[in-house]
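Worksheet: one structure, shown below.
2 protein chains.
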Amino acid sequence: MLRELIIKNRTYRRFYQEFAIEHQALRELVDLARLSASAANLQPLKYMLCCEPERNALVFPHLGWAGYLKNWAGPAEGERPSAYIIILGDTEISRSFGCDHGIVAQSILLGATEKGLGGCMIGTVQRQELRKALDIPAHYEILLVLALGKPKEKVVIEHVGPKDKIEYWRDAEGVHHVPKRSLDEIIIG
Amino acid sequence: MLRELIIKNRTYRRFYQEFAIEHQALRELVDLARLSASAANLQPLKYMLCCEPERNALVFPHLGWAGYLKNWAGPAEGERPSAYIIILGDTEISRSFGCDHGIVAQSILLGATEKGLGGCMIGTVQRQELRKALDIPAHYEILLVLALGKPKEKVVIEHVGPKDKIEYWRDAEGVHHVPKRSLDEIIIG
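Respectively, the protein sequence lines represent chains A and B.
Under my numbering, residues 380 to 568 are what the first sequence spells out, in order.
Under my numbering, residues 380 to 568 are what the second sequence spells out, in order.
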């Protein structure tokens, strides 16, 4: 059932790095994106896939991780993602991408969850450096990087009131806590 | 399986208008949105729900339908959506909403599909008029309107090459055809 899949699909940032994700699995995930909605059916998004250690090492240094965890610079060697899907906007097709990348990112992450994987949608990207590292042509806008792997951390949802903080935190046992607003707070009429 | 759900989740624009969608069903769909990812976990999105004929009639006139179907102004009375979820960005929480509304729209539409419903993500909205009609406070940005109902049309995917047109069309039998780019076209590396 979708609800279970959505609940299982938490944002994960630490992985069993040695767990390999095959290129074919990434293609299957992008196929879910391909079959998802696109504004005016323009389908301006393109994808780059990374699942080899050498290529992954070109991507990792240019990603920002967990802004609220001030004393954590990101996953250590051994706990890094096994794969990435880089979502690009093809400016030769459209100049604006609306929220198309959000639609497809959700399809891909739900598909990854179903495969027993997990990941993180990363918008904090050193775009110029990543473009150079992967030789991404200038007419592609870098929209999002999806990091994927076999999750190596526990993530739990916390329920908060309208006045509470929404910053996530990690406890002494390494469990990651994510405060979520209530349904009554977000439905306003 | 998710792939079947994504394939079933086509964009529908004609519905059995008399088929009622309960308020509780809309709340369950928004709960899927609530449990989905949000950039920096800010959760700046708010939702307005409509499922009563009188209230639906306030929303419908302000929506744009199927830009490529030049001779079709939108669903006729009797084939209009049974419900709407209006996705708002709360500017008191954030000034920018990234692609959060795409993420949640996909969760909601997949959830609707699982319930035997279908719908359409509508970005072409007369925002000022809709704001007035529903009395939406000024600090909420209108991001998307999700139209929902029990689909009354058949939608099929067509496969196209890189040089082909992506405009959807409706044939003499009323079947809606949607060209989709191939996997090999959208994966560029």
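Cβ coordinates follow ideal geometry from the N, Cα and C atoms, glycine included.
For residue 490(B), which residues from the same chain have a beta carbon less than 8 Å from its beta carbon, with the 5 sequence-adjacent residues on both sides left out? Taking the second sequence and counting its residues from 1, one reaches residue 490(B) at position 111. The residues are 407, 408 and 411.
Express the C-alpha separation of residue 459(B) and residue 495(A) in angstroms, rounding to a whole number. Position 116 of the first sequence, counted from the start, is the residue given in the question as residue 495(A). Position 80 of the second sequence, counted from the start, is the residue given in the question as residue 459(B). The straight-line gap from Cα to Cα measures roughly 39 Å.
Report the three-state DSSP secondary structure of residue 552(B) (helix, strand or coil). Here residue 552(B) is taken as the residue at index 173 of the second sequence, counted from 1. Three-state result, residue 552(B): coil.
Determine whether the beta carbon atoms of residue 544(A) and residue 394(A) lie at a separation below 8 Å. Position 165 of the first sequence holds residue 544(A). Position 15 of the first sequence holds residue 394(A). No. Outside cutoff.
Does any C-beta atom of chain B lie closer than 8 Å to the C-beta of residue 477(A)? Start at 1 with the first residue of the first sequence, and residue 477(A) comes out as number 98. Yes, contact with chain B.
Classify residue 405(A) as helix, strand or coil using the three-state DSSP reduction. Position 26 of the first sequence, counted from the first residue, corresponds to residue 405(A). If DSSP states are grouped into helix, strand and coil, residue 405(A) belongs with the helices.
Tell me whether residue 358(A) is buried or exposed, calling it buried when 16 or more other Cβ atoms sit within 10 Å of its Cβ. Outside the shown range of chain A, which is 380 to 568, sits residue 358(A), and nothing can be said about it.
Do we get a CB-CB distance below 8 Å when we pair residue 557(B) with the residues of chain A? As a first step, residue 557(B) is located in the second sequence; it is residue number 178 there, counting from the start. Yes, because at least one Cβ of chain A sits closer than 8 Å to the Cβ of residue 557(B).
Bridge partner(s) assigned by DSSP for residue 390(A): As a working note, residue 390(A) is residue 11 in the first sequence. According to DSSP, residue 390(A) bridges with 498(A).
For residue 487(B) versus residue 526(B), is the C-beta spacing smaller than 8 Å? For the purposes of this step, residue 487(B) is taken as residue 108 along the second sequence, with counting starting at 1. For the purposes of this step, residue 526(B) is taken as residue 147 along the second sequence, with counting starting at 1. Their beta carbons are not under 8 Å apart, which means residue 487(B) does not touch residue 526(B) by this criterion.
Just how far apart, CA to CA, sit residue 518(B) and residue 413(B)? If you number the second sequence from 1, residue 518(B) lands on position 139. If you number the second sequence from 1, residue 413(B) lands on position 34. Rounded to whole angstroms, residue 518(B) to residue 413(B) spans 20 Å at the Cα level.
If we ignore side chains and look at the alpha-carbon of each, how far apart do residue 388(B) and residue 381(B) end up? Taking the first residue of the second sequence as position 1, residue 388(B) is located at position 9. Taking the first residue of the second sequence as position 1, residue 381(B) is located at position 2. For residue 388(B) and residue 381(B), the distance between alpha carbons rounds to 10 Å.
Please specify which runs of the alpha helix (DSSP H), each continuous and at least 4 residues long, are wholly inside the region 411 to 458 of chain B, giving them in chain order. 432 to 438
Using three-state DSSP, classify residue 515(B) as helix, strand or coil. Indexing the second sequence from 1 puts residue 515(B) at position 136. Residue 515(B) falls in the coil class under three-state DSSP.
Output needed for residue 497(A): all residues of its chain with C-beta closer than 6 Å, excluding positions within five of it in sequence on either side, in chain order. As a working note, residue 497(A) is residue 118 in the first sequence. Excluding residues within five positions, the ones whose Cβ falls inside 6 Å are 391 and 530.
Can you tell me the Cα-Cα spacing of residue 457(A) and residue 481(A), whole angstroms? Residue numbering aside, residue 457(A) sits at position 78 when the first sequence is read from its first letter. Residue numbering aside, residue 481(A) sits at position 102 when the first sequence is read from its first letter. One C-alpha to the other measures close to 29 Å.
Report yes or no: is there a C-beta of chain A within less than 8 Å of the C-beta of residue 435(B)? The residue given as residue 435(B) occupies position 56 in the second sequence. No, no contact with chain A.
Since residue 517(A) meets chain B, which of its residues come closer than 9 Å, beta carbon to beta carbon? The sequence position of residue 517(A) within the first sequence is 138, counting from 1. Neighbours of residue 517(A) on chain B: none; closest Cβ ~13 Å, over 9 Å.
Coil, strand or helix - residue 540(B) by DSSP: On the second sequence, position 161 is the one that residue 540(B) refers to. Residue 540(B): coil per DSSP, three-state reduction.
Quick one: residues in its chain with C-beta nearer than 6 Å to the C-beta of residue 548(B), no 5 flanking neighbours on either side, listed in chain order? Position 169 of the second sequence, counting from 1, holds the residue named residue 548(B). Excluding positions up to five away in sequence, the list reads 556.
Report buried or exposed for residue 551(B), applying the criterion of at least 16 other Cβ atoms within 10 angstroms of its Cβ. Here residue 551(B) corresponds to residue number 172 of the second sequence, with the count starting at 1. By the neighbour-count rule (16 or more Cβ atoms within 10 Å), residue 551(B) is not buried but exposed.
Identity of the residue in 426(A), 506(A) and 385(A) nearest residue 439(A) by Cα: For the purposes of this step, residue 439(A) is taken as the residue at position 60 of the first sequence. The option with the nearest alpha carbon to residue 439(A) is 506(A).
Counting C-beta neighbours from all protein chains within 10 Å, is the total for residue 503(B) 16 or more, i.e. buried, or is it exposed? By 1-based counting over the second sequence, the position of residue 503(B) is 124. Under this definition residue 503(B) is an exposed residue.
Can you name the residues of chain B whose CB is closer than 9 Å to the CB of residue 400(A)? Taking the first residue of the first sequence as position 1, residue 400(A) is located at position 21. Those within 9 Å of residue 400(A) in chain B number zero; the least Cβ separation is about 15 Å.
Quick check on residue 545(B) - is its C-beta less than 8 Å from some C-beta in chain A? By 1-based counting over the second sequence, the position of residue 545(B) is 166. For residue 545(B), the answer is yes, since a Cβ of chain A falls inside 8 Å of its Cβ.
Beta-carbon proximity check, residue 467(B) vs residue 520(B), cutoff 8 Å: Taking the first residue of the second sequence as position 1, residue 467(B) is located at position 88. Taking the first residue of the second sequence as position 1, residue 520(B) is located at position 141. Yes, these two residues count as a Cβ contact at 8 Å.
Residue-level contact to chain B via CB, residue 391(A), 8 Å cutoff: Within the first sequence, residue 391(A) is the residue found at index 12, counting from 1. Chain B contact via Cβ: absent.
Between residue 479(A) and residue 424(A), is the Cβ-Cβ spacing less than 8 Å? As a position in the first sequence, residue 479(A) is number 100, starting the count at 1. As a position in the first sequence, residue 424(A) is number 45, starting the count at 1. The answer is yes: Cβ separation under 8 Å.
Given residue 559(B), which residues of its chain have a CB within under 6 Å of its CB, disregarding the five upstream and five downstream residues? In the second sequence, the residue the question calls residue 559(B) occupies position 180. Result list for residue 559(B): 536, in chain order.
Distance between residue 450(A) and residue 421(A) (C-alpha atoms, nearest Å): For the purposes of this step, residue 421(A) is identified with residue 42 of the first sequence, where counting begins at 1. For the purposes of this step, residue 450(A) is identified with residue 71 of the first sequence, where counting begins at 1. Their backbone Cα atoms lie some 42 Å apart in a straight line.
Taking 8 Å as the cut-off, decide whether the C-beta atoms of residue 401(B) and residue 430(B) are in contact. Within the second sequence, the letter at position 22 stands for residue 401(B). Within the second sequence, the letter at position 51 stands for residue 430(B). Against a cut-off of 8 Å, the Cβ pair of residue 430(B) and residue 401(B) comes out as a contact.
What number of angstroms, rounded off, separates the C-alpha of residue 475(A) from the C-alpha of residue 532(B)? As a position in the first sequence, residue 475(A) is number 96, starting the count at 1. As a position in the second sequence, residue 532(B) is number 153, starting the count at 1. Straight-line Cα distance between these residues: approximately 30 Å.
Quick check: is the beta carbon of residue 490(B) nearer than 8 Å to any beta carbon in chain A? Position 111 of the second sequence, counted from the start, is the residue given in the question as residue 490(B). Yes, its Cβ sits closer than 8 Å to a Cβ of chain A.
Does any C-beta atom of chain A lie closer than 8 Å to the C-beta of residue 521(B)? Position 142 of the second sequence, counted from the first residue, corresponds to residue 521(B). Not an interface residue.
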